[in-house]
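Asks: I'd like to ask you about the structure that follows.
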Amino acid sequence: MTRFALLTVCAAVLLGSSLDVLADYRFPPPDFESGYELPDTTIPPPRDTVYEYIDAAVFLGALALASYLILKKRSRRAIFALTVFSLLYFGFWRQGCICAIGALQNVTLTIFDSSYAIPITAALFFILPLGFTLFFGRTFCGAVCPLGAIQDVVLVHPVQVPRWLESGLRLLGYTYLGAAVLFAATGSAFIICRYDPFVGFFRLSGNWNMLVLGACLLLIGLFIGRPYCRFLCPYGMILRQFSRLSRYRVTITPTECVKCRLCEDACPFGAIREPTEDWPEGEYRVAKRRLVVFLLLLPILVAAGGWVGYLLRDKLAQMHPTVRTAERVRLEETGQVEGTTDVSDAFRATGRASGELYEGASALRGRFGIGGALLGGFLGFVIAGKLIALTVRRGRSEYEADRASCFACGRCYKYCPKEHERLKQKKEKVIAH
Amino acid sequence: MADSNETVGRRRFLREGLWGACLAGLGGAAGLSAARNNQKDTVWQIDPNLCIQCGNCATYCVLEPSAVKCVHSYAICGYCDLCTAYLVPEPKSLDTGAENELCPTGAIKRTFVEDPYYQYTIDESLCNGCGKCVKGCNAFGNGSLYLQVRHDRCVNCNECAIAVACPSNAFKRVPADQPYLLKEAVHG
Chain D
195 MTRFALLTVC AAVLLGSSLD VLADYRFPPP DFESGYELPD TTIPPPRDTV
245 YEYIDAAVFL GALALASYLI LKKRSRRAIF ALTVFSLLYF GFWRQGCICA
295 IGALQNVTLT IFDSSYAIPI TAALFFILPL GFTLFFGRTF CGAVCPLGAI
345 QDVVLVHPVQ VPRWLESGLR LLGYTYLGAA VLFAATGSAF IICRYDPFVG
395 FFRLSGNWNM LVLGACLLLI GLFIGRPYCR FLCPYGMILR QFSRLSRYRV
445 TITPTECVKC RLCEDACPFG AIREPTEDWP EGEYRVAKRR LVVFLLLLPI
495 LVAAGGWVGY LLRDKLAQMH PTVRTAERVR LEETGQVEGT TDVSDAFRAT
545 GRASGELYEG ASALRGRFGI GGALLGGFLG FVIAGKLIAL TVRRGRSEYE
595 ADRASCFACG RCYKYCPKEH ERLKQKKEKV IAH
Chain Y
84 MADSNETVGR RRFLREGLWG ACLAGLGGAA GLSAARNNQK DTVWQIDPNL
134 CIQCGNCATY CVLEPSAVKC VHSYAICGYC DLCTAYLVPE PKSLDTGAEN
184 ELCPTGAIKR TFVEDPYYQY TIDESLCNGC GKCVKGCNAF GNGSLYLQVR
234 HDRCVNCNEC AIAVACPSNA FKRVPADQPY LLKEAVHG
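Going line by line, the protein sequences match chains D and Y.
Per my numbering, the very first residue in the first sequence carries number 195; after that it's consecutive.
Per my numbering, the very first residue in the second sequence carries number 84; after that it's consecutive.
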């Protein structure tokens, strides 16, 4: 009896499981009689992790070498060679990803999303250049950044940009930085990667619009040095501030400035500042009054920017896929649009309630309200800060590279007669030995 | 003179303070990154159960052709003669004629195994990841064909352009040591 029961159970289990197979597959996988063996599904592995650490090591080495070549060796030729190496290695060989500019978003997301695990290379690519800038100025921009390098090598006929235009256009970069941080922090998008104009060249393929934009920037870059770095690069806007505080910096002259004015037009990026004269008596008083006005304007601009940013929250929130999905589903459910899209179909296929989706979207809109206000406030602060900086005159007794704007490319060295003197002495020393 | 010295001193103090603050900020970012880093690198992959074969994989990848390819779990395949992944609906005949093939690039190779079974193999050098065959296989077959990111091609972008365009959130980051989400045969 027991044996019979056992057999029945076994039969039932077998029958049940074979029914399972039938239920799972419309056509049961065949039992081959000809000795046919099932081929394996090939799974080519990703690039070995070791290479990432090699990249990080090369990056660190390149930064150290750049700092040495720029500040100590003062050789434009060597700096240029390193620039070309960086373009080939970080650009064409590593295909421009991950880059320090984009890593900014990974770090932002790390701060705001506790579930996000940042790749170690992304963290290093973000932190190392900033650290080096605190000590040596923007040596990263000068010889390591592949995006800077591709623009640096095409610069053939530099044209000076008026200072007012340069400062005005730079506002684009600050806006880009603020937007990139906002969209990364809310988990909406990595816009720096999406709108990277040069990565398509490094990969020799990509989105046509971005390739055309990159080509336009390179064409402009023939005459206006490094347009992306100066007017757009969000990471560059941070590096500018760090570079203001750097321990060491690019000095045009190796010893002392003789004010020969030979270097005046040497910088293709307009970063050389002439010695200042004393304030004319009348102007000093006017400037002082202007400063007070701008200082009072600072909180007003910050508040106004914040308010505008807050008003734009719904538009900004559109960047988040969840918000877009929620809006589409709402339009369909309220009968305002006919038909469905892949996105709304896919959402319905998950079986989740649309109320849940709406809740998520409205929570996100709330976050964008705060984020938009902060973004607007930041831009107001940047504008007010620039106005205040314009009224403050810092005394300079010699020709200097502007700490913030100097890319540390080393082009100005050879314009200085003192530099030629230094090189001559060095050569004589070598011969004497 | 003393006044100007004092100004310079104050300025210097401010600068030093800011410098230290920046360094501390960097240290904080480094510490946070180290704490959040789970030591496992990740790569992009498609969850075949979420994929709706919209065709975006073929067009949105930064690579040309796409890094997404169709892969085949042979253990699931029914080896059908009338394969809805291989043949267009209502084919003129059940053969390898180009007019009968569903794949726009002719990337699926049909070979006879034994009566009445045929093996279907993907030629990845031709596949553009459009997912037409996957749709056919899911609709009327066993679903043994599905799209996967091929890591010999994928450049592992920081933001995957296909993931952005994916309507069903099928793209996710998976640990680099288990870089595929393969369909396994369900054995009774």
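Beta carbons: idealized from backbone N, C-alpha and C, even for Gly.
What residues from the stretch 431–447 of chain D come within 7 Å of chain Y, judged by C-beta to C-beta, listed N to C?
Replies: Those would be PHE436, LEU439, in chain order.
Asks: Between the Cα of ILE494(D) and the Cα atoms of SER556(D), GLY571(D), ASP536(D), ARG441(D), which residue gives the shortest distance?
Replies: ILE494(D) has its Cα closest to that of GLY571(D), out of SER556(D), GLY571(D), ASP536(D), ARG441(D).
Asks: If you measure from the beta carbon of TYR429(D) to each beta carbon in chain Y, is any gap under 9 Å?
Replies: No, its Cβ sits nowhere closer than 9 Å to a Cβ of chain Y.
Asks: Do we get a CB-CB distance below 9 Å when we pair ASN300(D) with the residues of chain Y?
Replies: ASN300(D) counts as touching chain Y.
Asks: Listing by chain order, which chain D residues have their CB less than 8 Å from the CB of GLU89(Y)?
Replies: Ordered by position in chain D, no residue passes the 8 Å Cβ test against GLU89(Y), which lies about 16 Å from the chain.
Asks: How about TYR593(D) and GLU477(D): do their beta carbons lie closer than 9 Å?
Replies: Their beta carbons are not under 9 Å apart, which means TYR593(D) does not touch GLU477(D) by this criterion.
Asks: Counting only the same chain and skipping the five closest in sequence on each side, list residues whose C-beta sits under 6 Å from that of VAL496(D).
Replies: GLY571, GLY574, PHE575, listed in sequence order.
Asks: Which chain D residues are close to CYS137(Y), counting only those with a beta carbon under 7 Å from its beta carbon?
Replies: Residues of chain D passing the Cβ test: ASP536.
Asks: Jot down the residue ranges of each uninterrupted alpha helix (DSSP H) in the stretch 438–511 of chain D, minimum 4 residues, whole runs only, in chain order.
Replies: Segments of the alpha helix (DSSP H) lying fully in the stretch 438–511 of chain D: 475–505, 507–511.
Asks: Starting from GLN345(D), trace the alpha helix (DSSP H) both ways and give me its first and last residue.
Replies: Segment 340–348, the alpha helix (DSSP H) holding GLN345(D).
Asks: Note the first and the last residue of the continuous alpha helix (DSSP H) segment covering TYR552(D).
Replies: Looking at the DSSP string, the run of the alpha helix (DSSP H) that includes TYR552(D) is 548–585.
Asks: With burial defined as no fewer than 16 other Cβ atoms inside 10 Å of the residue's Cβ, what is the status of GLU231(D): buried or exposed?
Replies: Exposed, because fewer than 16 other Cβ atoms sit within 10 Å of the Cβ of GLU231(D).
Asks: List the DSSP bridge partners of GLN231(Y).
Replies: GLN231(Y) pairs with LYS152(Y).
Asks: List the residues of chain D that LEU115(Y) touches, going by C-beta distances under 7 Å, in chain order.
Replies: By Cβ distance, chain D contributes THR304, ILE305.
Asks: From the DSSP secondary-structure annotation, give me the bridge partner or partners of GLU594(D).
Replies: Answer is ARG467(D).
Asks: Who are the near neighbours of ALA253(Y) in its chain, counting only those whose CB is closer than 7 Å to its CB and skipping five residues on each side?
Replies: Counting only Cβ-Cβ distances below 7 Å, and skipping sequence neighbours, we find ILE129, ASP130, LEU133, CYS134.
Asks: For PRO391(D) and chain Y, any beta-carbon pair shorter than 9 Å?
Replies: Not an interface residue.
Asks: Quick one: does the C-beta of THR188(Y) sit closer than 8 Å to a heavy atom of the ligand SAH?
Replies: The ligand SAH is absent from the structure shown, which contains no ligand whatsoever.
Asks: Excluding five sequence neighbours on each side, which residues of the same chain lie with their C-beta closer than 8 Å to the C-beta of GLY560(D)?
Replies: Here the set comprises nothing.
Asks: Along the chain, where does the beta strand (DSSP E) containing ARG193(Y) start, and where does it finish?
Replies: First-last of the beta strand (DSSP E) with ARG193(Y): 191–197.
Asks: Could you give the DSSP three-state label for LEU170(Y): helix, strand or coil?
Replies: Correct three-state label for LEU170(Y): strand.
Asks: Leaving out the 5 sequence neighbours to the left and right, which residues in its chain are closer than 6 Å to VAL517(D) when beta-carbon positions are compared?
Replies: Hits under 6 Å: ALA511, ALA555, LEU558.
Asks: Can ILE292(D) and ALA311(D) be called in contact, C-beta distance under 9 Å?
Replies: Contact flag unset, no.
Asks: Which of the residues in the stretch 183–199 of chain Y, read from start to end, lie with their CB under 7 Å from any CB of chain D?
Replies: Flagged, chain order: VAL196, GLU197.
Asks: Output needed in chain order: residues of the stretch 238–250 of chain D with a Cβ under 7 Å from some Cβ in chain Y.
Replies: So the close ones are PRO238, PRO239, PRO240, THR243, GLU246.
Asks: Given a cut-off of 9 Å, decide if CYS427(D) and ILE295(D) are closer than it, judged by their beta-carbon atoms.
Replies: Yes; because the gap between Cβ atoms is below 9 Å, this pair is in contact.
Asks: Can you give me the Cβ contacts of ALA567(D) inside the same chain, cut-off strictly under 7 Å, excluding the 5 residues immediately before and after it?
Replies: Around ALA567(D): GLY500, GLY503, TYR504.
Asks: Identify whether PRO349(Y) lies in helix, strand or coil by the three-state DSSP scheme.
Replies: Because chain Y here runs from 84 to 271, residue 349(Y) falls outside it and cannot be looked at.
Asks: I need the DSSP call for TYR283(D), collapsed to helix, strand or coil.
Replies: Reduced to three states, the DSSP call for TYR283(D) is helix.
Asks: Determine, for LYS620(D), whether the minimum Cβ-Cβ distance to residues of chain Y falls below 9 Å.
Replies: Cβ-Cβ to chain Y under 9 Å: no for LYS620(D).
Asks: Determine the direct distance from the alpha carbon of GLU526(D) to that of THR534(D), and round the result to whole angstroms.
Replies: If you take the alpha carbons of THR534(D) and GLU526(D), they lie about 7 Å apart.
Asks: Counting Cβ pairs closer than 8 Å, one from the stretch 256–274 of chain D and one from the stretch 233–248 of chain D, do we hit at least three?
Replies: Not touching, per the Cβ criterion.
Asks: Taking all protein chains shown into account, decide if SER308(D) is buried (16 or more other Cβ within 10 angstroms of its Cβ) or exposed.
Replies: Label assigned to SER308(D): exposed.
Asks: Assign LEU216(D) to buried or exposed, taking buried as 16 or more other Cβ atoms, counted over all protein chains shown, within 10 Å of its Cβ.
Replies: Any reading at LEU216(D) must be qualified, since the residue scores a pLDDT of 42, below 50, and its modelled position is unreliable; no value is offered.
Asks: Just how far apart, CA to CA, sit ASP124(Y) and VAL624(D)?
Replies: Answer to the nearest angstrom: the Cα atoms are 50 Å apart.
Asks: Could you spell out the range, first to last residue, of the alpha helix (DSSP H) harbouring THR327(D)?
Replies: Per DSSP, THR327(D) belongs to the alpha helix (DSSP H) from 314–330.
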